[in-house]
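Student:
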Amino acid sequence: MAGLTKPAMKKNTAATPWLSRTVTALAGLMKNDGQSGYPDLWTTYLRSEDIDKTAELTTANGGQVIYPPMDVPEQGKMMLISAPDGSAVGVWEFGGHTGFQAHGETGTSSWHELHSRDYNAALPFYQAVFGWDYTTMGDSDEFRYSTVGEGDAAVAGLMDSSSFLPEGTPSNWEVYFSVENADQTLAEALALGAQVVQPLEDTPFGRLGSLTDPTGALFKLIQNLG
């Protein structure tokens, strides 16, 4: 659908297969055995220079460490944390794996966005733990949004979604995948068992839509209309 491939893995391995396009690592897939209590989802990972220090900052600023720092052999270190608004996010300290190697191209992630039930708790937490500088895009009851960075240098967004998240849906990070033709990709996805959450529509940022894959994991499509 997006031109991604999964390399063959040895049986009984604990390693995560990285989705790739030719030799470019883009994302990872891991089986959800249900023991974590979390549904199938895409997890955004934020880089840390010192993952143990990030764990300390997490708890010092009102967050929780869900899975403590652990070594991923030959790849790096990882953990899972939650912010005071309830959003869960991964943390990665570089080892052999230095994050995705393509961004914003067809078939790759192009944007990561926090939909928060407690925007005023989320912003200071992520700023304190990860050192983010924000640019305010809107600050009204109708649209409250900040980006991490400014303009073309922005790498993520945080939105006050308290007024429209469905009941029971917690604060969450969502990932956008770039596609050449959103309508064609949607048709292919539906044929493979996806379901539409938000129909495609043209926006100032591109043609956007939200889907769930056959496991229920949510993701978004974006087509550049420029």
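Using the working numbering, count along the sequence shown one by one with no gaps and you end on 228.
Beta carbons: idealized from backbone N, C-alpha and C, even for Gly.
(1) With DSSP as the reference, label residue 221 as helix, strand or coil.
(2) Go through its chain and collect everything with a Cβ distance to residue 221's Cβ below 8 Å, but skip five positions before and after it.
(3) Residue 102 and residue 110 - do their beta-carbons sit closer together than 8 Å?
(4) Mind checking residue 61: buried by the 16 CB within 10 Å criterion, or exposed?
(5) Leaving out the 5 sequence neighbours to the left and right, which residues in its chain are closer than 6 Å to residue 77 when beta-carbon positions are compared?
(6) Whole-angstrom Cβ separation of residue 167 and residue 209, contact assumed at under 8 Å?
(7) List the residues that DSSP assigns as beta-bridge partners of residue 132.
(8) Quick one: using the 10 Å Cβ neighbour count with 16 as the cut-off for buried, is residue 52 buried or exposed?
(9) Does DSSP put residue 153 in a helix, a strand or coil?
(10) Do you know how far the Cα of residue 116 is from the Cα of residue 197?
(11) State the Cα-Cα distance for the pair residue 112 and residue 150, rounded to the nearest angstrom.
(12) On the DSSP letters alone, give me the boundaries of the alpha helix (DSSP H) that residue 61 sits inside.
(13) Label residue 223 either buried or exposed according to how many other C-beta atoms from any shown protein chain fall within 10 Å of its C-beta, with 16 as the threshold for buried.
Tutor: Reading from the atomic positions:
(1) Here residue 221 carries a strand assignment [DSSP, helix/strand/coil].
(2) So the qualifying residues of the chain are 44, 176, 177, 178, 179, 212, 213, 214 and 215.
(3) One thing to note: residue 110 has its Cβ within 8 Å of the Cβ of residue 102.
(4) The residue in question, residue 61, is exposed, as its Cβ has fewer than 16 Cβ neighbours within 10 Å.
(5) Closer than 6 Å at Cβ, skipping near neighbours: 97, 98 and 99.
(6) About 23 Å separates the beta carbons of residue 167 and residue 209, which is beyond the 8 Å limit, so they are not a contact pair.
(7) Paired residue(s): none; residue 132 is not in a bridge.
(8) With fewer than 16 other Cβ atoms inside 10 Å of its own Cβ, residue 52 counts as exposed.
(9) Helix.
(10) Looking at the two C-alpha atoms, the distance is approximately 21 Å.
(11) Going by C-alpha positions, residue 112 is about 14 Å away from residue 150.
(12) In this chain, the alpha helix (DSSP H) harbouring residue 61 covers 53-62.
(13) Residue 223 comes out buried.
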